[in-house]
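Going down the list, the sequences are from chains A and B. In terms of the numbering used here, the first sequence opens at residue 6 and continues consecutively. In terms of the numbering used here, the second sequence opens at residue 6 and continues consecutively. To start, the structure under review is shown below, and the notes come after it.
There are 2 protein chains.
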Amino acid sequence: MSGKPDLEAGRVELAHGGGGRAMTRLIEELFAAAFDNRWLAAGDDAAAFPAPAGRMVMATDSHVVTPLFFPGGDIGSLAVHGTVNDVAMGGGRPLYLAAGFVLEEGFPLADLRRIVGSMAAASREAEVPVVAGDTKVVERGKADGVYISTTGVGVVPEGVAVGGARARPGDRVLVSGTLGDHGVAILSAREDLGFGTELQSDSAPLHGLVATMLEAAPGVRCLRDPTRGGLAAALHELARHSGVGMRIREADLPVREEVRGACEILGLDPLNVANEGKLVAVCPPDAAPALLAAMGGHPLGRAAAEIGKVTADERGFVEMETAFGGTRLVDWLYGEQLPRIC
Amino acid sequence: MSGKPDLEAGRVELAHGGGGRAMTRLIEELFAAAFDNRWLAAGDDAAAFPAPAGRMVMATDSHVVTPLFFPGGDIGSLAVHGTVNDVAMGGGRPLYLAAGFVLEEGFPLADLRRIVGSMAAASREAEVPVVAGDTKVVERGKADGVYISTTGVGVVPEGVAVGGARARPGDRVLVSGTLGDHGVAILSAREDLGFGTELQSDSAPLHGLVATMLEAAPGVRCLRDPTRGGLAAALHELARHSGVGMRIREADLPVREEVRGACEILGLDPLNVANEGKLVAVCPPDAAPALLAAMGGHPLGRAAAEIGKVTADERGFVEMETAFGGTRLVDWLYGEQLPRIC
Chain A
6 MSGKPDLEAG RVELAHGGGG RAMTRLIEEL FAAAFDNRWL AAGDDAAAFP
56 APAGRMVMAT DSHVVTPLFF PGGDIGSLAV HGTVNDVAMG GGRPLYLAAG
106 FVLEEGFPLA DLRRIVGSMA AASREAEVPV VAGDTKVVER GKADGVYIST
156 TGVGVVPEGV AVGGARARPG DRVLVSGTLG DHGVAILSAR EDLGFGTELQ
206 SDSAPLHGLV ATMLEAAPGV RCLRDPTRGG LAAALHELAR HSGVGMRIRE
256 ADLPVREEVR GACEILGLDP LNVANEGKLV AVCPPDAAPA LLAAMGGHPL
306 GRAAAEIGKV TADERGFVEM ETAFGGTRLV DWLYGEQLPR IC
Chain B
6 MSGKPDLEAG RVELAHGGGG RAMTRLIEEL FAAAFDNRWL AAGDDAAAFP
56 APAGRMVMAT DSHVVTPLFF PGGDIGSLAV HGTVNDVAMG GGRPLYLAAG
106 FVLEEGFPLA DLRRIVGSMA AASREAEVPV VAGDTKVVER GKADGVYIST
156 TGVGVVPEGV AVGGARARPG DRVLVSGTLG DHGVAILSAR EDLGFGTELQ
206 SDSAPLHGLV ATMLEAAPGV RCLRDPTRGG LAAALHELAR HSGVGMRIRE
256 ADLPVREEVR GACEILGLDP LNVANEGKLV AVCPPDAAPA LLAAMGGHPL
306 GRAAAEIGKV TADERGFVEM ETAFGGTRLV DWLYGEQLPR IC
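Structural data, given as structure tokens:
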């Protein structure tokens, strides 16, 4: 069968999405080779696996980040981490991923190979295989290089019941680390702002951290990864779904000096800036010390902090005690300061 | 919370993908309202459900069809049918769907509502709920209205083992109905060729037909929906994965008169044209009569036909006995005659 793609100098052609030999060869030489598992090798349209015992979770995320490559990752690793994290926030241990690619005609195959390679590496590191996939090609000017939609399924351990509607007044609010790293790294790469190489995206798979947390404190009530919209949006969503308020302490928010500096220059509030390797947890007060200790002992939770508590407030206000001793409302933005951040 | 979207006259804004209030309101007023189930109402990033007993299948499909609306369906119904069918081709009874939307800034919200409504109707008709979703927005000129990636999971009934590598020499090859309807309907809509309203896409969910088939003939070896690349590509893929050849009979291929006529005018071969509501099945010879009868008794299999058999041919050739008594090779096209057909 001819039609071998030139992965060094070739470009995406409409034929690569056409269902013919060109597509089959691209899938075999690039995608199946990189992800390298028996499901993709079988070449079927659906991947079969044994159903786990218990409850399952399913989550999906489309990725349109620009630029495609940024300090600390690229759209490929992000597409794995984003979905692994959504499954983990549902209390699930991620088991399998599926990925759909929308490719723009003319996109360099070498860049696609780099992205797929990074995705495969992230998948191996997370130990969650990409078992099913699909590629479509659209004409020049109808996409922006590549978009990746990733869907994950996972199994929820016995006894775990997390959800955005479970926060109760008096509960404690914790974050797993510094805020705003991903958003500022993307903006820096996009605008070539020259903040230096120390500013990296925090993009990382959080399911290991979540497993550690659930073992130490099975009563965790809510988990959420503060991606688009940042910590502020995550807290507002939890407050709204639980019918409670939140009160956080500015002085306890972990923010890197360089992120704080960049935000000041750019007129951004780290509370609204996206993260891709951090989580917010809500737990009963008596579980907080053990939970914080468990988070601090995990590589992805070293800078974990208790940042506030849940309040009885039917209006769902999110308030912050400022570093200067006052109190202000944390605004829930209408849109986003930074489009296409993930 | 303000930010209510104007679903009559409004347009997609970048803010609708920003993670803020605008996005939350759009998701609530449009997506969660249309799909209307407890998973989306919960507002979590992952949907939880009990794991079925047995083997599961997972499949994903990205949809970039143009035009977005066509005779017999639209990108919304297609996004449900395409993925439901991929799960069904894995022998699975589809249980849950997840959908990721990439929206172009400026796309009319009324059109989006129509698409989401059609998707919700298809989901209800198929009895497979959309339990998780994601929306991203890209700038004008970075997409073409809307792209939808749909992922499905399903459960495989005990005793069913279908797969593209299971065809054996002597097996029979069946199709569930007329070939090429979807591709010709799309092309007709795209080019305004005026073939008349009788030409409709065959877009339909095939899991009910598959359940009927597996009940009548549990020994079915391969199932495949001949979408992009048409029947020719599906047969070549099965031949390649099974290490066999195929020999089909042109006279037995069901093709509508109007599709045949349109293909002649357009220089297309119905063998290469996409279908979205048809399947190819391979089964042992002694199972073929019962399978064909079962297919013919189902509304989506009325025009089912046995079209040929599997041959011992390590080269994987797909041959056709022509209506004129000769034999020719069925070519596996390099690309596709019609880009963005699904």
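All residues carry an ideal CB built from backbone N, CA and C; glycine is no exception.
Can you tell me whether residue i is buried or exposed? The criterion is at least 16 other CB atoms within 10 Å of its CB, across all chains shown.
i, result
"B/K141", "buried"
"B/D11", "exposed"
"B/P147", "Reading off the sequence shown, one finds Lys at residue 147 of chain B, where the question assumed Pro. The residue is buried, with at least 16 neighbouring Cβ atoms inside 10 Å."
"A/A14", "exposed"
"B/E163", "exposed"
"B/F329", "exposed"
"A/P229", "The question names Pro, but residue 229 of chain A is Arg in the sequence shown. Classification for A/R229: buried."
"A/E242", "buried"
"A/A317", "exposed"
"A/P99", "buried"
"B/P132", "Reading off the sequence shown, one finds Glu at residue 132 of chain B, where the question assumed Pro. Exposed."
"B/I270", "exposed"
"A/P231", "buried"
"B/P174", "exposed"
"A/D197", "exposed"
"B/E262", "exposed"
"A/P344", "buried"
"B/E319", "exposed"
"B/E311", "buried"
For residue i, write down the residues that DSSP places opposite it in a beta bridge.
i, result
"B/V161", "B/R60"
"A/P55", "B/R60"
"A/I253", "A/G313 and A/M325"
"A/T140", "A/F106"
"B/L83", "Bridge partners of B/L83: none, in fact."
"A/Y339", "None, per the DSSP bridge assignment."
"A/H68", "A/I153"
In the DSSP assignment, find the unbroken alpha helix (DSSP H) run with residue i in it and report its ends.
i, result
"B/V287", "It is not in any alpha helix (DSSP H) - B/V287 instead sits in the beta strand (DSSP E) that spans V285 to C288."
"B/P223", "Run containing B/P223: none; DSSP gives neither H nor E here."
"A/V121", "L114 to A131"
"B/R5", "Chain B is shown from 6 up to 347; residue 5 of chain B falls before or after that span and cannot be answered."
"A/C268", "E262 to L271"
"A/R177", "Segment R177 to V180 is the beta strand (DSSP E) holding A/R177; no alpha helix (DSSP H) there."
"B/E34", "Here B/E34 belongs to no alpha helix (DSSP H), and DSSP marks it neither H nor E."
"A/R245", "G235 to S247"
"A/L258", "Careful: A/L258 lies outside any alpha helix (DSSP H) and carries neither H nor E."
"A/L296", "A293 to G301"
"B/L45", "R43 to A47"
Between residue i and residue j, which are expected to be in contact by the criterion C-beta below 8 Å, what is the C-beta distance as a whole number of angstroms?
i, j, result
"B/P290", "B/R177", "5 Å"
"A/V249", "A/V315", "5 Å"
"B/T332", "B/R195", "Incorrect: roughly 34 Å between the Cβ atoms, too far for contact."
"A/L179", "A/L273", "Actually they are not in contact, since the Cβ atoms of A/L179 and A/L273 sit about 23 Å apart, beyond 8 Å."
"A/P259", "A/G182", "6 Å"
"A/A222", "A/A166", "So it is not a contact: roughly 13 Å between Cβ atoms."
"A/A58", "A/V215", "Not quite, the Cβ-Cβ distance comes to about 19 Å (not below 8 Å), so this is no contact."
"A/A104", "A/I153", "6 Å"
"B/P134", "B/Y101", "6 Å"
"B/H246", "A/G48", "5 Å"
"B/G78", "B/V160", "Contact doesn't hold; Cβ gap of about 26 Å is too wide."
"B/V323", "B/L240", "5 Å"
Ends of the beta strand (DSSP E) at residue i?
i, result
"A/I312", "A310 to T316"
"A/L276", "Careful: A/L276 lies outside any beta strand (DSSP E) and carries neither H nor E."
"B/L73", "Looking at the DSSP string, B/L73 is not in any beta strand (DSSP E), and its letter there is neither H nor E."
"B/G105", "R98 to E109"
"B/R333", "T332 to L334"
"B/L228", "C227 to R229"
Short of 8 Å in beta carbon distance, which residues of its chain neighbour residue i, apart from the five on each side in sequence? Order them along the chain.
i, result
"A/A209", "H86, E281, G282 and L305"
"A/T327", "E255 and R333"
"B/L338", "G234, A237, A238 and N277"
"A/E130", "P210"
"A/D50", "A137"
Within a Cβ cutoff of 6 Å, which residues of the same chain sit near residue i, ignoring the five residues on either side of it in sequence?
i, result
"A/V301", "It is Gly, not Val, that sits at residue 301 of chain A in the sequence shown. Closer than 6 Å at the Cβ level, and outside the excluded window around A/G301, lie A309."
"A/L19", "E110 and V142"
"B/A286", "L179, V225 and L228"
"B/G150", "L73, E109 and F112"
"A/M325", "I253, E255, R333 and V335"
Would you say the beta carbon of residue i is closer than 6 Å to some non-hydrogen atom of the ligand PLP?
i, result
"A/G301", "By its list of ligands, the structure shown contains no ligand whatsoever, and the ligand PLP lies outside what it can speak to."
Go through its chain and collect everything with a Cβ distance to residue i's Cβ below 7 Å, but skip five positions before and after it.
i, result
"B/F75", "A190, I191, A194 and S206"
"A/I120", "L73, D79, I80, G81 and V151"
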